[in-house]
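Below is one structure, written out as structure tokens; the observations come after it.
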Amino acid sequence: MVEYFESIASVPRMREGYNPATWMLEVIGAGVDSQRQAASKDGLAAHESQLPDEEVNFVRYFNASASKKILDDKSMEPGLFQPSEHLEPLNYSSKRAASNTIQLRFLLQRFFVLYWRTPSYNLTRFGITLFLGLIFGFVYLNAEYTTYQGINGGLGMVYLSTVFIALVSFGSGLPLVYEERAAFYRERAAQTYNTVWYFVSFTLVEIPYVFAGALLFTVVYYPMVGFVGFAEAVFYWVNVAIMILFEAYLAQLAIFVAPSMEMAAIIGVLINAIGLMLMGFNPPALQIPRGYKWIYAIVPHRYAFSVLVAIVFGDCSDDQLAEIASAGNMTSLDFSGYPLGCQIVQNAPTSVGEVPIKSYVQEVFGIKHEHIAEYFGISIGILLVFLSFTLMAMRFINHQQR
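This note's numbering puts the first residue of the sequence shown at 33, with every later residue one more than the last.
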């Protein structure tokens, strides 16, 4: 390029050590006026020495040059801009250049790198999760769950921890998903990736971070509040992770459905508010008005809450319940070897009576330990339903404005 411009008679040669890009811009007149105004009086002459002696019509010069003739002759050759009898017409056998496997591999790599390089998102989640675990752990340290007040406080603890973790997961995910939506719209318009693989990658990348955050919460919270049992702790951790995953995927769904992040936040807050009010704690499940029972039956928060409560407060076998029922005097029984669900609720109202914690949870809150598998399966099913909604929103909804 420098040689081409210097071959023009009225264009001065470039000074040694001068920036070629700057020199070419000055030669063709790009920004010359503004540069002349900014130049000092001492450097004005040196600066103008880099400019053509007279105004040059570079377009006319190029059109009359040999380079233009060579370019025109080349463009007329068959197979370039003209059809050729010896070459087959260009035909694409697939919609996208890359195979499905390559698309998935590149998208997975891209999203995992994105999450790794976004500490403001993941470290914030981990920090808040650890903070919540410590807060609930210290508040309920050495708590007694065998009294009427204690068991209700324990249920409230499980409820509040579920609520806070859910809201943190949803709120922190909105900005990240909203930023990625713009890139997704551009790449979908260019047919770069299949929507399915974009969705799969965006879904899978959340899983390790969510399970790590849930583990961080559980290992702090579970022993501090007095819960015991390794297998129960593992199952508790998995269900907390499922609840956090649901909220993360709800944030994705809201962003791809709503035109703006503010509208997505409103949608998520509405869904969470309804779910948290009718998940079966306050009011208790059996006291929810008949007209709202159908909402109680479909809200995903209800099943996550039921699993967590059943794990820690509903474990008591039928043989143990029969042994307790056959005892004439409760004080004669040694409950030290019994799980928490078999302990008798102390200081309960006469309407409740002396019943095991498992029976109290079942009769008031409608949570049965025998239905844990059902609750867990429904939670997974609802999670998959919301994921399918997200996929359809990504495929058929476009809020991009041109």
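Here a beta-carbon is modelled for each residue, glycine too, at the ideal position from N, C-alpha and C.
Residue i and residue j closer than 9 Å at C-beta
i: Trp-269; j: Tyr-254; result: yes
i: Glu-279; j: Ile-197; result: yes
i: Phe-144; j: Phe-234; result: no
i: Ala-305; j: Leu-206; result: no
i: Val-331; j: Gly-307; result: yes
i: Phe-337; j: Gly-373; result: no
i: Leu-247; j: Ala-263; result: no
i: Ser-107; j: Tyr-36; result: no
i: Pro-316; j: Val-417; result: no
i: Thr-194; j: Met-426; result: no
i: Gly-398; j: Leu-318; result: yes
i: Leu-187; j: Val-393; result: yes
i: Val-252; j: Gly-169; result: yes
Alpha-carbon to alpha-carbon, residue j and residue i
i: Tyr-147; j: Tyr-230; result: 15 Å
i: Val-43; j: Leu-140; result: 53 Å
i: Ala-26; j: Thr-178; result: The chain is shown from 33 up to 434; residue 26 falls before or after that span and cannot be answered.
i: Arg-220; j: Val-377; result: 59 Å
i: Glu-238; j: Glu-211; result: 16 Å
i: Pro-115; j: Ile-40; result: 36 Å
i: Asp-351; j: Leu-208; result: 51 Å
i: Ala-222; j: Ser-126; result: 14 Å
i: Thr-422; j: Gln-432; result: 17 Å
i: Phe-113; j: Ile-102; result: 14 Å
i: Pro-415; j: Gln-375; result: Note that residue 415 corresponds to Leu in the displayed sequence, not to Pro. Between Leu-415 and Gln-375, the C-alpha separation is close to 34 Å.
Whole-angstrom C-beta distance between residue j and residue i, which should lie under 8 Å
i: Ile-298; j: Leu-310; result: Rounded, the Cβ-Cβ distance is 19 Å, inconsistent with contact.
i: Ser-204; j: Thr-156; result: 6 Å
i: Pro-321; j: Asp-347; result: Actually they do not touch by this definition, with Cβ atoms about 30 Å apart.
i: Val-339; j: Tyr-241; result: Val-339 to Tyr-241, Cβ: 22 Å. No contact.
i: Glu-38; j: Arg-47; result: Wrong, their Cβ atoms sit about 12 Å apart, outside the cutoff.
Reference residue i; option with closest CA among the options
i: Val-257; options: Val-190, Asn-89 and Val-387; result: Val-190
i: Val-91; options: Ser-116, Gly-111, Met-108 and Gly-61; result: Gly-61
i: Ala-130; options: Thr-224, Ala-354 and Leu-103; result: Thr-224
i: Ala-244; options: Leu-277, His-431, Asn-89 and Thr-227; result: Leu-277
i: Glu-402; options: Val-341, Ser-420 and Glu-355; result: Val-341
i: Arg-334; options: Met-295, Ile-404, Glu-294 and Val-266; result: Ile-404
i: Arg-137; options: Leu-236, Val-88, Ile-412 and Glu-58; result: Leu-236
i: Asn-154; options: Gly-169, Gln-135, Val-200 and Asn-132; result: Val-200
i: Ser-292; options: Asn-430, Gly-323 and Val-232; result: Asn-430
Notebook entry, point to check: Between the segment 203–218 and the segment 271–289, are three or more C-beta pairs nearer than 8 Å?
Noted result: Remark: three or more beta-carbon pairs, one from each stretch, lie closer than 8 Å, so the segment 203–218 and the segment 271–289 are flagged as touching.
Notebook entry, point to check: Between the segment 163–178 and the segment 114–129, do at least 3 Cβ pairs fall closer than 8 Å?
Noted result: Contact fails: fewer than three Cβ-Cβ distances are below 8 Å.
Check: Hey, is the segment 177–184 in contact with the segment 379–389, meaning 3+ C-beta pairs nearer than 8 Å?
Finding: The segment 177–184 is in contact with the segment 379–389.
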